[in-house]
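Chemist: Shown below is the structure under consideration.
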Amino acid sequence: MPKLIEKRSKKVGLPPGSPVHIGEKRAGKVKITIIDYDKARFQEKEAKTIEECFPFKDKPTITWINIDGIHQVDIIEKIGNHFDIHPLVLEDIANTGQRPKMDDFVSYIFVVLKMLYYDEKENETKAEQVSLILGPNFVISFQESEGDVFDPIRERIRSDRGRIRKMGAAYLAYALIDAIVDNYFIILEKIGEKIEDIEDELVTNPTPETLQAIHNLKREMIFLRKSVWPLREVISRLERWESSLIHKSMGIYLRDVYDHTIQVIDAIETFRDMLSGMLDIYLSSVSNRMNEVMKLLTIIATIFIPLTLIAGIYGMNFKYMPELGEPWGYPLVYFVMLVIGVLMVIYFRRKKWL
Amino acid sequence: MPKLIEKRSKKVGLPPGSPVHIGEKRAGKVKITIIDYDKARFQEKEAKTIEECFPFKDKPTITWINIDGIHQVDIIEKIGNHFDIHPLVLEDIANTGQRPKMDDFVSYIFVVLKMLYYDEKENETKAEQVSLILGPNFVISFQESEGDVFDPIRERIRSDRGRIRKMGAAYLAYALIDAIVDNYFIILEKIGEKIEDIEDELVTNPTPETLQAIHNLKREMIFLRKSVWPLREVISRLERWESSLIHKSMGIYLRDVYDHTIQVIDAIETFRDMLSGMLDIYLSSVSNRMNEVMKLLTIIATIFIPLTLIAGIYGMNFKYMPELGEPWGYPLVYFVMLVIGVLMVIYFRRKKWL
Amino acid sequence: MPKLIEKRSKKVGLPPGSPVHIGEKRAGKVKITIIDYDKARFQEKEAKTIEECFPFKDKPTITWINIDGIHQVDIIEKIGNHFDIHPLVLEDIANTGQRPKMDDFVSYIFVVLKMLYYDEKENETKAEQVSLILGPNFVISFQESEGDVFDPIRERIRSDRGRIRKMGAAYLAYALIDAIVDNYFIILEKIGEKIEDIEDELVTNPTPETLQAIHNLKREMIFLRKSVWPLREVISRLERWESSLIHKSMGIYLRDVYDHTIQVIDAIETFRDMLSGMLDIYLSSVSNRMNEVMKLLTIIATIFIPLTLIAGIYGMNFKYMPELGEPWGYPLVYFVMLVIGVLMVIYFRRKKWL
Amino acid sequence: MPKLIEKRSKKVGLPPGSPVHIGEKRAGKVKITIIDYDKARFQEKEAKTIEECFPFKDKPTITWINIDGIHQVDIIEKIGNHFDIHPLVLEDIANTGQRPKMDDFVSYIFVVLKMLYYDEKENETKAEQVSLILGPNFVISFQESEGDVFDPIRERIRSDRGRIRKMGAAYLAYALIDAIVDNYFIILEKIGEKIEDIEDELVTNPTPETLQAIHNLKREMIFLRKSVWPLREVISRLERWESSLIHKSMGIYLRDVYDHTIQVIDAIETFRDMLSGMLDIYLSSVSNRMNEVMKLLTIIATIFIPLTLIAGIYGMNFKYMPELGEPWGYPLVYFVMLVIGVLMVIYFRRKKWL
Amino acid sequence: MPKLIEKRSKKVGLPPGSPVHIGEKRAGKVKITIIDYDKARFQEKEAKTIEECFPFKDKPTITWINIDGIHQVDIIEKIGNHFDIHPLVLEDIANTGQRPKMDDFVSYIFVVLKMLYYDEKENETKAEQVSLILGPNFVISFQESEGDVFDPIRERIRSDRGRIRKMGAAYLAYALIDAIVDNYFIILEKIGEKIEDIEDELVTNPTPETLQAIHNLKREMIFLRKSVWPLREVISRLERWESSLIHKSMGIYLRDVYDHTIQVIDAIETFRDMLSGMLDIYLSSVSNRMNEVMKLLTIIATIFIPLTLIAGIYGMNFKYMPELGEPWGYPLVYFVMLVIGVLMVIYFRRKKWL
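Residue numbers (the working numbering), protein chains in the order written: chain A, 237 to 590; chain B, 237 to 590; chain C, 237 to 590; chain D, 237 to 590; chain E, 237 to 590.
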């Protein structure tokens, strides 16, 4: 299950603006890739040291520096120093406990988002923090680990498909955000399927496991909600923002990704409502089954206890019990028992218990 | 049941602005009808190819192009190119997972709505996406499949009833929206009747099926809500919008359709409140019946178990049990049993259990 | 019970602005009364045809035309034509499914309200739609049927009590709205009494009928809420409205009726909260009684089942059961049974079950 | 319990602005006290007739007229006429069903508040309406009955403690409001203690009376909320109001009493949350006890019913039952019963039921 | 448990602006520490009397006066008089029942916050009130008791780490607020761990203690919420405030601490949602176990009661019961009982009860 809250205790007491990696421990080297392009040119390379990125700062071409891994804080600090990024921003990049947000620092815009992916092994949704720094002619993106969500964008730049090579850095940033939001729909489809499975189960054969599954999905919805809700405001602010970094023509694209975010939020709210409804159904189906059980018990007890009394009566050892000596006594008892039993069954039929 | 969420996965990774049909698979040819009119003239025809619509773009008369079927993406693209529609709009038209929304592109206004109809076969409400493009002298409408909701408007144009032939393209767009919203009331009446049926059932004979029916209606309300809520804002924005495409005199008409939308939303909220109340009633009626069952069991057990003990006592084989030898022993036991039974019944009467 | 939603289906497909009577079918003639007054003069008459009202349009005196009955649509249309009322307004007057609202048409203001009255026969609250048209020197009011809520106002005009003859048409409209809102308090008192009755019942003797009564009141609250909530905004807008029809000095009066509306809404919300609390109490009292029943069953079973076993044991037919031959065996069994019974009772006393 | 709603029916039909006493019937004379002061002078007297107050209207000193009792409507009307108070204000003063509110009439400000006090006899919170009229150099306060909440203020004026004698009429009005709001904290402390008592009870020994107590407190919270919530807006408006009657320097004092009001509202909301949580605890403790009862029943039945069967079997009268003739038969039956009993007990231990 | 509400009753009736210590009684001396610094100089000392602080008021260096203990009201008054603090502020400092708030008095800004710490002994979260007065070149902080939350800041000033020595008094105030907010995360981690523990327990072995634990955490969340929610607005107002005391360059720092506050609130809301979900799970697991108990009882009763009847029948003493004389009678009864038992078991298997 996703951690409820990231451990921040090691950070307490440090002066503000000290980047400390907070989040899941990750091994492995940090991977830095650089894509540099304009309408005519295209260059792609994997940087061995962070210093290789520095010359791109002042080139007129669009540069996308993607950094997979934020656990090596010195890399973040070096890049921050070269690109004049505020220490508080560097701190936020290293700390994965951020909410999605957008901050304008005039010479660059800083955006934090949550990328969601489905972990097949643990059968649950996970989130990774993605930070974007949008400068006049560059975008720096930070991911917690290597992912493939941005691959189609790389491919589009390489093969000059769509509009991307003709537009500026803001369009690149938009494309990255759009890729992340588009990815949410895959998660939603997975969860939608799970909900439909549970809904079928609820009708055919509800078990305590069904309840657990509903609970887990509810928990996942809380988690998704927390990741996606603030995004709405982030993109809405980007759209309305008056910044020299975002050209007015970007409005329509940002509006589009805003619409997608609203659709995601809508779906999350719908799922939450559905899960609440399913919990009610589950609880009342438990009550219903309890009712069934009690009815059976009552029927059995109500039919047999009187019969047992009759048998008990003729098991008494009184000397003067005239029926006992009669040959019709024994079959008559059977007959009486049968009549009582049948009457009871008729009674329960009437009450619609049988 | 309506799908919780439309499959979008095939779209992931494509550049923004690539129209891909997302929604229920539909067969059959796309049907294109053109109605062209002004105060004096009227012309109606079914176009065989999309190219037949193109000349109407620059005619001074009002043209309504209605396209039934959005699964042939090339048609959408062709019309989009000719009428200078933004690729993101074309993408939205083809993707049925949109929320109702309104976007102004200066030279045209794009509106997405959900049309609701009642599927008698599957006994549930379904939604279809309707997209409208309102230009200076034309309206292009896209439906998922052929429907009859717009027929009265066609009839009004043909026979020059009401105001429609005297007004511009914005009035036509308004008439289409009004027809869709008016249609919601039919759905609401159907659901209102269902709710009243269930309410009667709840009083006379609640069964687990009643619960299922309440749940299904709740699910349907979630679905309706999602389709209608955003419409409120769409129409409200249209009303307050300052666009050369919408003349000020349209204000009162848009205000009217806005009022209808609010009435629909009101009814949906009322239904939701009612269904919640009904769920409570159902649950407590289950508890009440459980109580009844338990009372019967307790009455039977409480009356007969002591009697069985008495019978058991006189069934013991002790040698020295003086009562056994007496002739009045047997009838006395019956008498004692009767007294105990009657006392118990009186006791339960007092407790109002009988 | 009040209809959940008014049948509108017969209206679907008609051009906007076609008045069609939607609501409960009513028989009888439409009654038209005219009251015409100023500081000095006063005239009152019942009009036989609608045309009799027409001359009052241009008189400088204040004219109040009250129309009881909206099922004769032609009357509404005639008056609409003469007083230059917009067709959409006429449509709204005839359709009783409106929400309270206020629309300014510059030369007149249109207000829709819901009048509530208590139907003693069916023991429930009913609503009627009242529409007001406020012109520069006239007020036209439409009611669904003849009512007596406006009688005190008629009386005040006749006898020149209070301020009413000295003020303009806006004050008359205000007086009508005030009368309707004042009437809500009577409904609230009735409902308040019902709630207090049920609250007593809940403590002394809750039955399934109590639950049904709570449910019915909840339903009634939903209904009241729907009628009164929008009124708040209507009056608030009237108060802040800048219209030549409403003189600034009206502000304080409208503020007063606004305060009353808020008090009504407050009471409705309080009632809703109370009813929710009562439902919780009811449900837990059902659980409590179930507990009582189960305790009795358990006490009986726990005391008698072991005793029955003892009796059963000495009813066995083994040859070598030495106790059976002893004269103290039989009384000893009684003694043992007594001891077990007493111990059990002590145990249950300890557990506070007895 | 506090009335859900004040009877207003006798007012229906009267013209607006007719003061009618609505509220609890009270006997006794109306008491009028006048305190007149400035930095140097101080005068205090009890007026026998309302006319004694009239000369103070035009004195330059600050005059506080306090009227205990609003059931003699003629007194309210006389004072209203002399001080030029609007009839609607007089109506509001006499009608105790007001919400807290503030109205500016340019030459005076009218404020309605609810004073809360704890009725030890009936063990519940009660509310009284306090109306204040703040003029340029006077404050008129109306209470429903004689109270001691304002005594400390009287004492402060008499003994010239604090700032009160140096400040104007607005400060006096503020001091009165502050005294009322301060008094709320006493009520909250009482309720807080009750809640903590119930919380202890809930853990040690929950009974249906506990539920009733929770319910009563919830009801009281609804009532408190209704009295205090609107006060927030009243004071906030007073603070931001631009009126010649309230000097700018009052801002900080009004801000202080505003903070107190927010603290009261905070506490009320906290109490509501706590009471909801306690209801949940109560309900689940009822379920838990039901579980205990059922477990005991099941254990008893499961242990003894099989043993009873064994005894029953050896009570059968078949001729050929070889065990019956053996001397070890009887002790063996006891042994078998013991083994079965012990096994059952072990089984229940395993299941943690014992 | 934290007190629901601070006792304020002793304050009632005092004139506004009279500082009275309201809160937990604390013994011990009040500790006053002074830290005075600028870029170049640094001085730290513990003041024995409050008068030692007075000279620092007019020094150009930044002075931080920290006062641990607010129960000696005369100290607060003396410092207030010297630094020209409004009496209402002094009253607020002494009264620990404040909500977090921010007030601007032009020459200084007054901020109230809640510091949270985890009391290991009583195993619960506690709050202390911290008041800050930010002047042009000084910060005065008041704590209820000596704490170590500010130690890292002292250390940073002493060793000239980070930016703190280079910045003004506003940065110092920010650093104090940041330290308090950072501390919240430690509390949240503790609570997060508790919630995860309970969640495990809920799956493996839910007991009434689990319920109590959930309830206690819910109570703690209500308490935390009350302390942190208003902080959001406090910091947001500080950020947007136009005051000569807060330089524009502070914006980014305040934005950062604002983000942290939002993260804290987010976590609190998430925890609340989780706890609600856990309560549902607990309740339905209680129902499930009840179901299990009832099933066992029903199975036992349903199998054994019919067998007991059979045994009872052959225990009857009729003379003419031919089976009794047959040698196969006894084994046949066993066989029949076995068959019935097996059929019952099969039936329950089918029903998935076994």
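Even glycine gets a Cβ: it sits at the ideal position worked out from N, Cα and C.
(1) Quick one: what's got a C-beta closer than 7 Å to D:K293's C-beta in the same chain, skipping five residues either side?
(2) Expressed to the nearest angstrom, what Euclidean distance is found between the alpha-carbon atoms of D:A406 and D:V493?
(3) Looking at chain D, which residues of the stretch 543 to 568 of chain C have a Cβ within less than 8 Å of any of its Cβ atoms?
(4) Where does B:D340 fall in DSSP's three states?
(5) Is any heavy atom in the ligand FAD found nearer than 6 Å to the beta carbon of D:S480?
(6) Rounded to whole angstroms, what's the CA-CA distance from E:M237 to C:I498? Just pull it up for me.
(7) Considering C:N452, what are the terminal residues of the alpha helix (DSSP H) in which it resides?
(8) By Cβ distance, which residues of its chain are closer than 6 Å to E:I489, with the 5 residues on each side in sequence left out?
(9) What residues match up with A:A283 in a beta bridge as DSSP calls it?
(10) Please confirm if the stretch 445 to 453 of chain A is in contact with the stretch 392 to 400 of chain A, defined as three or more CB-CB distances below 8 Å between the two stretches.
(11) Name, in chain order, the residues that DSSP records as bridge partners for D:Q308.
(12) In three-state DSSP terms, what is A:G398?
(13) Find the nearest neighbour of D:V348 within the set D:R585, D:M557, D:L474, judged by alpha-carbon distance.
(14) Which same chain residues end up closer than 6 Å to C:A547 when comparing Cβ atoms and leaving out the 5 residues on each side of it in sequence?
(15) Which chain D residues sit within Cβ distance under 7 Å of E:K454?
(16) With a threshold of 7 Å between beta-carbons, can E:I576 be considered close to chain A, or not?
(17) With C-beta atoms as the reference, is B:L370 less than 7 Å away from B:S377?
(18) For C:I298, which option in C:P372, C:V309, C:P323 has the closest C-alpha, if you only look at C-alpha atoms?
(19) Since A:S377 sits in a beta bridge, which residues does DSSP pair it with?
(20) When DSSP builds the beta bridges, which residues end up paired with C:D355?
(21) Find out if the Cβ-Cβ distance for the pair B:G264, B:T332 is shorter than 7 Å.
(22) List, in chain order, every chain A residue whose beta-carbon is nearer than 8 Å to that of E:R392.
(23) Would you call the CB atoms of E:P336 and E:L467 closer than 7 Å?
(24) Could you check the C-alpha separation between E:H483 and A:E360 for me, to the nearest Å?
(25) Does the distance from the C-beta atom of E:Q308 to that of E:V342 stay below 7 Å?
(26) Can a CB atom of chain C be found closer than 7 Å to the CB of D:V522?
(27) Quick one: which residues of the stretch 339 to 360 of chain B get their C-beta closer than 9 Å to a C-beta of chain A? List them in chain order.
(28) Closer than 7 Å between beta carbons: that is the criterion. Which residues of the stretch 269 to 288 of chain D meet it against chain E?
(29) Any C-beta of chain E within less than 7 Å: which residues of the stretch 453 to 487 of chain A qualify?
(30) Comparing C-alpha positions only, which one of A:W465, A:R491, A:V464 sits nearest to A:W477?
(31) Quick one: using the 10 Å Cβ neighbour count with 16 as the cut-off for buried, is D:S479 buried or exposed?
(32) Who are the Cβ neighbours of C:I582 in its own chain at under 8 Å, not counting the five residues just before and after it?
(33) Curious, which full-length alpha helix (DSSP H) runs of at least 4 residues does the stretch 526 to 584 of chain A contain?
(34) How is B:L490 classed by DSSP in three states: helix, strand or coil?
(35) Less than 8 Å between the CB atoms is what I'm expecting for B:Y550 and A:F554, so what's the real figure, rounded?
Modeler: Answer, in terms of the structure:
(1) Looking up residue 293 of chain D in the fourth sequence gives position 57. Taken in chain order, the residues that qualify are H318, F319, F374.
(2) Working through the fourth sequence from its first residue, we reach residue 406 of chain D at position 170. Working through the fourth sequence from its first residue, we reach residue 493 of chain D at position 257. Cα to Cα, D:A406 sits roughly 14 Å from D:V493.
(3) Residues of the stretch 543 to 568 of chain C that bring their beta carbon within less than 8 Å of a beta carbon in chain D comprise T544, L545, G548, I549, G551, M552, N553, F554, K555, Y556, M557, in sequence order.
(4) On the second sequence, residue 340 of chain B is found 104 positions in, with the first residue counted as 1. It is a strand residue.
(5) By its list of ligands, the structure shown contains no ligand whatsoever, and the ligand FAD lies outside what it can speak to.
(6) Along the fifth sequence, read from residue 1 onward, the residue named residue 237 of chain E stands at position 1. Along the third sequence, read from residue 1 onward, the residue named residue 498 of chain C stands at position 262. Residue placement at E:M237 is flagged as unreliable, the pLDDT there being 49, under the threshold of 50; the coordinate-derived value follows with that caveat. Looking at the two C-alpha atoms, the distance is approximately 39 Å.
(7) As a working mapping, residue 452 of chain C is identified with position 216 in the third sequence. From DSSP, the alpha helix (DSSP H) with C:N452 extends over 444 to 476.
(8) Counting from 1 along the fifth sequence, the entry for residue 489 of chain E is found at position 253. One point to set straight first is that residue 489 of chain E is Tyr, not Ile, in the sequence displayed. Excluding residues within five positions, the ones whose Cβ falls inside 6 Å are Y410.
(9) In the first sequence, residue 283 of chain A corresponds to position 47, counting from 1. The beta-bridge partner set that DSSP reports for A:A283 consists of A:I268.
(10) Contact between the stretch 445 to 453 of chain A and the stretch 392 to 400 of chain A is absent: fewer than three C-beta pairs spanning the two stretches fall below 8 Å.
(11) For the purposes of this step, residue 308 of chain D is identified with residue 72 of the fourth sequence, where counting begins at 1. Partner residues in a beta bridge of D:Q308, as assigned by DSSP, do not exist.
(12) Sequence index remark: in the first sequence, residue 398 of chain A carries index 162 (1-based). The answer is coil: DSSP assigns A:G398 none of H, G, I, E or B.
(13) Looking up residue 348 of chain D in the fourth sequence gives position 112. Looking at the Cα atoms, D:L474 is the closest of the given residues.
(14) Locating residue 547 of chain C in the third sequence gives position 311, where the first residue counts as 1. Closer than 6 Å at Cβ, skipping near neighbours: no residue.
(15) For this step, residue 454 of chain E is matched to residue 218 along the fifth sequence. Those are G513, listed as they occur along chain D.
(16) For the purposes of this step, residue 576 of chain E is identified with residue 340 of the fifth sequence, where counting begins at 1. Against chain A, the CB of E:I576 has no partner CB under 7 Å away; the residue lies outside that interface.
(17) Mapped onto the second sequence, residue 370 of chain B falls at position 134. Mapped onto the second sequence, residue 377 of chain B falls at position 141. Contact: no.
(18) Taking the first residue of the third sequence as 1, we reach residue 298 of chain C at position 62. C:I298 has its Cα closest to that of C:P372, out of C:P372, C:V309, C:P323.
(19) Locating residue 377 of chain A in the first sequence gives position 141, where the first residue counts as 1. A:S377 is bridged to A:N302, A:L368.
(20) Mapped onto the third sequence, residue 355 of chain C falls at position 119. Looking at the DSSP assignment, C:D355 forms a beta bridge with C:E360.
(21) Stepping through the second sequence from its first residue, residue 264 of chain B is reached at position 28. Stepping through the second sequence from its first residue, residue 332 of chain B is reached at position 96. The Cβ atoms of B:G264 and B:T332 do not sit closer than 7 Å to each other.
(22) Translated into the one-based positions of the fifth sequence, residue 392 of chain E becomes position 156. Listed by position along chain A, the residues whose Cβ is nearer than 8 Å to that of E:R392 are P251.
(23) For the purposes of this step, residue 336 of chain E is identified with residue 100 of the fifth sequence, where counting begins at 1. For the purposes of this step, residue 467 of chain E is identified with residue 231 of the fifth sequence, where counting begins at 1. Going by C-beta atoms, E:P336 is nearer than 7 Å to E:L467.
(24) As a working note, residue 483 of chain E is residue 247 in the fifth sequence. As a working note, residue 360 of chain A is residue 124 in the first sequence. Inter-residue distance for E:H483 and A:E360 is about 47 Å (C-alpha atoms, whole angstroms).
(25) Counted from its first residue, the fifth sequence places residue 308 of chain E at position 72. Counted from its first residue, the fifth sequence places residue 342 of chain E at position 106. No, these two residues do not count as a Cβ contact at 7 Å.
(26) Taking the fourth sequence and counting its residues from 1, one reaches residue 522 of chain D at position 286. The beta carbon of D:V522 sits closer than 7 Å to some beta carbon of chain C.
(27) For the stretch 339 to 360 of chain B, the set of positions with a beta-carbon nearer than 9 Å to some beta-carbon of chain A reads D339, F341 in chain order.
(28) Cβ contacts with chain E: none found.
(29) Residues are counted here when their Cβ sits less than 7 Å from a Cβ of chain E; for the stretch 453 to 487 of chain A these are K454, R455, I458, K462, given in chain order.
(30) Here residue 477 of chain A refers to the residue found at position 241 when the first sequence is read from its first residue. It is A:R491.
(31) Here residue 479 of chain D corresponds to residue number 243 of the fourth sequence, with the count starting at 1. Exposed is the label assigned to D:S479, since fewer than 16 other Cβ atoms lie within 10 Å of its Cβ.
(32) As a first step, residue 582 of chain C must be located in the third sequence, where it is residue number 346. Result list for C:I582: empty, nothing under 8 Å.
(33) Residue ranges of uninterrupted alpha helix (DSSP H) with 4 or more members, entirely inside the stretch 526 to 584 of chain A and ordered along the chain, are 558 to 561.
(34) Here residue 490 of chain B refers to the residue found at position 254 of the second sequence. DSSP places B:L490 in the helix class (H, G or I) of the three-state scheme.
(35) Numbered from 1 along the second sequence, position 314 holds the residue referred to as residue 550 of chain B. Numbered from 1 along the first sequence, position 318 holds the residue referred to as residue 554 of chain A. For B:Y550 against A:F554, the beta-carbon gap comes to about 6 Å, under 8 Å, which counts as contact.
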